[in-house]
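Residue numbers (our numbering), protein chains in the order written: chain A, 42 to 249; chain B, 42 to 249; chain C, 42 to 249; chain D, 42 to 249; chain E, 42 to 249; chain F, 42 to 249.
All C-beta atoms, glycine included, are put in the ideal place defined by N, C-alpha and C.
Beneath this line is the structure, given in structure tokens, with notes to follow.
Number of protein chains: 6
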Amino acid sequence: MNFYGQRVLFLGAHPDDIELGIGGTVAVLANAGVRVVMAIVSVPAEYEVRSAEASDSAAILGCELRILLEGGCKRIEDLKNYQLVGLLDELVEQSRPAAVLTHGPTDFHHDHVTVYHATVAAQRITQFDLYSYVPTMTRPVPVPFAPNAYVDISSTMDTKLQAIAAHKSQFYSRGLAFEYYRDLARVSGRMVGVDYAEALAVDKIVFA
Amino acid sequence: MNFYGQRVLFLGAHPDDIELGIGGTVAVLANAGVRVVMAIVSVPAEYEVRSAEASDSAAILGCELRILLEGGCKRIEDLKNYQLVGLLDELVEQSRPAAVLTHGPTDFHHDHVTVYHATVAAQRITQFDLYSYVPTMTRPVPVPFAPNAYVDISSTMDTKLQAIAAHKSQFYSRGLAFEYYRDLARVSGRMVGVDYAEALAVDKIVFA
Amino acid sequence: MNFYGQRVLFLGAHPDDIELGIGGTVAVLANAGVRVVMAIVSVPAEYEVRSAEASDSAAILGCELRILLEGGCKRIEDLKNYQLVGLLDELVEQSRPAAVLTHGPTDFHHDHVTVYHATVAAQRITQFDLYSYVPTMTRPVPVPFAPNAYVDISSTMDTKLQAIAAHKSQFYSRGLAFEYYRDLARVSGRMVGVDYAEALAVDKIVFA
Amino acid sequence: MNFYGQRVLFLGAHPDDIELGIGGTVAVLANAGVRVVMAIVSVPAEYEVRSAEASDSAAILGCELRILLEGGCKRIEDLKNYQLVGLLDELVEQSRPAAVLTHGPTDFHHDHVTVYHATVAAQRITQFDLYSYVPTMTRPVPVPFAPNAYVDISSTMDTKLQAIAAHKSQFYSRGLAFEYYRDLARVSGRMVGVDYAEALAVDKIVFA
Amino acid sequence: MNFYGQRVLFLGAHPDDIELGIGGTVAVLANAGVRVVMAIVSVPAEYEVRSAEASDSAAILGCELRILLEGGCKRIEDLKNYQLVGLLDELVEQSRPAAVLTHGPTDFHHDHVTVYHATVAAQRITQFDLYSYVPTMTRPVPVPFAPNAYVDISSTMDTKLQAIAAHKSQFYSRGLAFEYYRDLARVSGRMVGVDYAEALAVDKIVFA
Amino acid sequence: MNFYGQRVLFLGAHPDDIELGIGGTVAVLANAGVRVVMAIVSVPAEYEVRSAEASDSAAILGCELRILLEGGCKRIEDLKNYQLVGLLDELVEQSRPAAVLTHGPTDFHHDHVTVYHATVAAQRITQFDLYSYVPTMTRPVPVPFAPNAYVDISSTMDTKLQAIAAHKSQFYSRGLAFEYYRDLARVSGRMVGVDYAEALAVDKIVFA
């Protein structure tokens, strides 16, 4: 992912999705001089707490944070689909990302799948490479995911876990563990000969 | 898998395949009073060494060992497909297994896929439940696998690794690691709320 | 399906879905000492008539009936998806089912697919085995369905048809036939060597 | 497609979808004495302009035009799914088409996919052959499409492009090109040995 | 299937495959004035008996019989794949069929799948419509099959069963039943509103 | 594809496969300072003529040519699969490619699919990115292909066609056309906003 000096957009339905799914890659790109934007579509509950946590996490990862439905708690389902597509159209129109990394179509969360399909549609507006990251969840639900791209995150594994941990209201008060994501990264990494990796499914890459 | 007193057949193309893919389940069933048969189709090289290792492994797992193409090094590709199906037909005819667990169709090794398809065909002869285990390999090749069944192997995780280690000619002389299989079992386990699990894809189950 | 003394949840979008798709298995499990709950999400029309028919059917099958959106006609589409997930979260939280059998993702009815996906999401709350039954319909629409599990319903074939027939407002006044479901069960049964079977697709099984 | 004297229904979410995806086949059938209906579900913007353009296009193609949500701008998402299914149920009930050609399930536009699924459901009402045409778009978004039927449109290639061009507000004011559709038809045609073809995916054909 | 006066080729790996999978359609087309050829690739055992039975069956169905590897028992696996493709290339070169109906890719029999793929390749030589029929077997093995075309065989259901019965060495001496195929045809038929139907998967249709 | 100074391996079953499927990308990379190897597995007929043509083509594309089964006409099917895997193991062991581009699994030609699977297996030996190019053919057979990566070949479109044309014995004596490949590149290109593109399916990419 040679995007030095370009903008790369990470898109997640809610706070902590990006960190769980692809936080190591966020940090890898940020460290490599890419202009990384972490865009969260909505904060469904506890707006102040959760947006502050997201802000802390963005600082840890070294990226810019954007909350698309900002200013208060909102639910993605309260948007019509064409409104969500409009929101993403505007985002890619303005930010002209070289690549977008977002949820995938096999995720079990309705909002995640909705965001994925809206992102696919936003390709109408500009050309960008598109990747889906693993289904993200705080409690386990096995869903199929067939990755075909891997990012070596050996240098940012700990940063990723710190960024997840910044979401204190999720992973401390609710007693959820996230060691799973270290194990998953180790398994993905061994598959491609590195210590830790994040797995992706390629939707579209253009070599120009 | 309530097969107490019944026979369950684990089928692998070569020595160590069963241990890598599904060895924990072998031990779980053996411990539960199931009559477990570990059937290896062929030994492609070093027959004496590798069949002795397989025998050691079977002792560790507590199951019966059978080598289908016994008596010397043979390759599955040197059989016509109808010969391989005939071999498996005979095996299931004689052993009448309640279930068979073998390789799956997305494995990257030609012999593994061949054994899978021949096992599917052997259902003509008798009714048995059929499961595929994860693609097995000593060096990593990412291939898709979408499990929908899980066996809790928390009680046999160490036994599985000992059985793999019994294949000394593979995992010591060749410098291969198999810690990957512990990590994979932990990731699979967390997905279903246990410490360690082996993942399977269901081909056919009959509840009678 | 060895669920003696445990609770198993059958979930259908509307009255008669469960009977058409999986009624024979309901009766098999009820006869085997399983605590079977037949849960209908909503009654879209003729609430009194249809809930009385569902009650008659539950008596025939020997199971408990629950209507989730009870008290009057309601449509699943009038719920937001997170509300439906919340409803199912609560149901599995309270009833702690060992297994849930519901619609599948290839069904052509929008509500059926919605209920399926919400059930997948409810796995966040508790661990349960998850199966999808055949697409159900009163008038034929061919849709793909690839079963990999079969329940022998030879002993309850007639009970299933009686339970379907209890939905008098559907199958008598509207002139619809349901002999199709006997034929389908015979074809499924022959595939696995029994007289009559219901076919299922496995989403998740845990052998613990 | 031997539908002489019968009615064939082309169904598109919005104006110009049918022309882009399957306009050549509309003209081929119209020329062959089939009673062709081009049914547009909704006009989301500029009702007067766009319905006039659709009318011009229908005249070029030689078919009847129907706008299902007529009389003003409406959005498909503002219908509940059961309302959309009801609308299509009524349409096929009245028009008794021998075949329906509509969007497919892999299209990236939310409305297109919704119309596809509602059409599948409308098969409950009457028997008709069902085909999906290629994903249609005015700006490119690569999406998978696996055709298995082809219509030779060599005789109507130019008519198709004229019908697309009749949508002046789209293809002139907005600077969009549609030469892509000629190139695509040439590539599809070469695949089956004709000059130009439109590609379809078969959902259901009945040879009676 | 309007192939009046044209040639249609039914292709099966071995004697009785065509009758089991698509025999009703053979008879429907033969009755409708199509020049039907039933081509069997090989007779693996009992050449005299089985080719005589195939001949009796062809007489019942009203079609021409060809045995491609004629003159004695031969196995498809004893051909290299390029030899099999060459054999089919020659067959379609000479007979110029308007359509070919053969096994499908999900069949569990190795020879059936091989014949399918060789037929796909033979499209290099001439254009023909291509369909796959259901997996055929004399003893049940559940395999996935997703049909999207149906032929009404209500008028030839009995003829089909007679043609199967002509294979006396299979269905009498070996005690195999074939009533399954009547049940399957009834289930397929109900799905499309006729008494009996055979189901097909479309590989390629050209409407020219 | 930033492989400056690294080696990239293009692999095709027979002469002209690489040019047809991915010749534009060969030239793009060669022009960009990548060490490109075009490796042909076998020459099945006319060894002298066809290897001279391949040599001419390699000169046009600016890459190194290797014929794996060199010295005379050989057929891939005359190798056991393990022999083919061994051949490719050795090739990647020696050449340590950063990426390999070869046939894909949906190709209709038996040898192409065999080469694809053997290349997947060769990932055991070294890590390399793996891509599949479009099914290649000199006479059309429609097969599914779902690309998710595109290479802009606008600057090498003509070079690609010249390289194809260098295979004089194929495209002149046999009267075959290859303008199809220009049309296909234009359609692929328009999908991603360039004049001409070659489409690929990603098997594995590692961003390290």
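Asked                                                                                                                           : Found
Distance CB(B:Phe169)-CB(C:Met42) smaller than 8 Å                                                                              : no
Reduced DSSP secondary structure (H/G/I, E/B, other) of D:Thr136                                                                : First, the amino acid is wrong: residue 136 of chain D is Ser here, not Thr. Here D:Ser136 sits in helix by DSSP.
Alpha helix (DSSP H) runs wholly inside the segment 79 to 144 of chain F, at least 4 long, in chain order                       : 88 to 102 and 122 to 136
Neighbour flag for F:His151 against chain E, beta carbons, 8 Å                                                                  : yes
Rounded Cβ spacing between E:Val235 and E:Ser195 (contact assumed at less than 8 Å)                                             : 5 Å
Any 3 or more C-beta pairs closer than 8 Å across the segment 155 to 174 of chain C and the segment 129 to 145 of chain D       : no
Segment contact, 8 Å Cβ cut-off, at least three pairs: the segment 47 to 60 of chain E with the segment 206 to 213 of chain E   : yes
Beta-carbon proximity of B:Asp130 to B:Ala163, cut-off 8 Å                                                                      : yes
Sufficient close CB pairs (3 or more, under 8 Å) joining the segment 176 to 187 of chain C to the segment 185 to 203 of chain E : yes
Opposing strand residues paired with C:Ala51 [DSSP bridges]                                                                     : A quick correction: the sequence has Phe, not Ala, at residue 51 of chain C. Answer is C:Met79 and C:Leu142, bridged to C:Phe51.
Contacting residues, own chain, Cβ-Cβ under 6 Å from E:Val133 (five flanking each side not counted)                             : Ala163, Ile166 and Thr167
Anticipated Cβ contact below 8 Å, B:Asn122 with E:His151, distance rounded                                                      : 4 Å
Bridge partners - C:Ile246, DSSP secondary structure assignment                                                                 : B:Ala190
Chain-ordered neighbours of E:Glu118 on chain B, where CB pairs are closer than 7 Å                                             : Lys121, Asn122 and Tyr123
Distance, B:Arg48 Cα to B:Ala80 Cα                                                                                              : 12 Å
Member of A:Ala206, A:Tyr221, A:Leu241 and A:Leu128 whose CA lies at the smallest distance from the CA of A:Ser173              : A:Leu241
Inside the segment 211 to 235 of chain C only - alpha helix (DSSP H) runs reaching at least 4 residues                          : 220 to 232
Proximity test, A:Arg231 beta-carbon vs the ligand MN heavy atom, cut-off 7 Å                                                   : Summarising the ligand content, the structure contains no ligands, and the ligand MN is consequently not present.
Where A:Ala71 falls, given that 16 or more other Cβ within 10 Å makes a residue buried                                          : buried
Span separating the alpha-carbon of F:Asp244 from that of F:Tyr45                                                               : 21 Å
Min CB distance F:Met198 to chain I below 8 Å                                                                                   : Here the protein chains are A, B, C, D, E and F, and chain I is not one of them.
Partners in chain B for E:Pro183, counting only beta-carbon separations shorter than 7 Å                                        : Lys245
7 Å Cβ shell around A:Glu94 - same chain, five flanking residues per side excluded                                              : Pro56, Ala207, His208, Lys209 and Ser210
Distance between beta carbons of E:Val233 and C:Pro176, contact taken as under 8 Å                                              : Wrong, their Cβ atoms sit about 15 Å apart, outside the cutoff.
Where E:Ala207 sits in the DSSP three-state scheme                                                                              : coil
Beta-carbon contacts of E:Cys104 that lie in its chain and below 7 Å, excluding the five residues immediately before and after  : Val67, Ala71, Val77, Val78 and Met79
C:Asp193 burial status per 10 Å Cβ neighbour count (16 or more: buried)                                                         : buried
Beta-carbon neighbours of F:Ala187, restricted to chain D and to distances below 7 Å                                            : Pro185
Exposed unless 16 or more other CB atoms sit within 10 angstroms - verdict on B:Asn226                                          : The sequence shown places Ala at residue 226 of chain B, rather than the Asn named in the question. Classification for B:Ala226: buried.
Residue span of the alpha helix (DSSP H) that contains D:Tyr45, given as start and end                                          : Here D:Tyr45 belongs to no alpha helix (DSSP H), and DSSP marks it neither H nor E.
Backbone CA spacing between D:Leu106 and D:Val75 [nearest angstrom]                                                             : 14 Å
Selection from F:Ser96, F:Leu52, F:Val69 and F:Leu61 that minimises the alpha carbon distance to F:Thr179                       : F:Leu61
Coil, strand or helix - E:Asp148 by DSSP                                                                                        : coil
Residues bridged to D:Tyr174 (per DSSP)                                                                                         : D:Leu241
Spatial neighbours of D:Ala238 in its chain, beta-carbon cut-off 7 Å, leaving aside the 5 residues before and after             : Tyr191, Val192, Asp193, Ile194, Ala226, Ser229 and Gly230
Whole-number beta carbon distance between F:Ile117 and F:Ser83, since they are thought to touch under 8 Å                       : 5 Å
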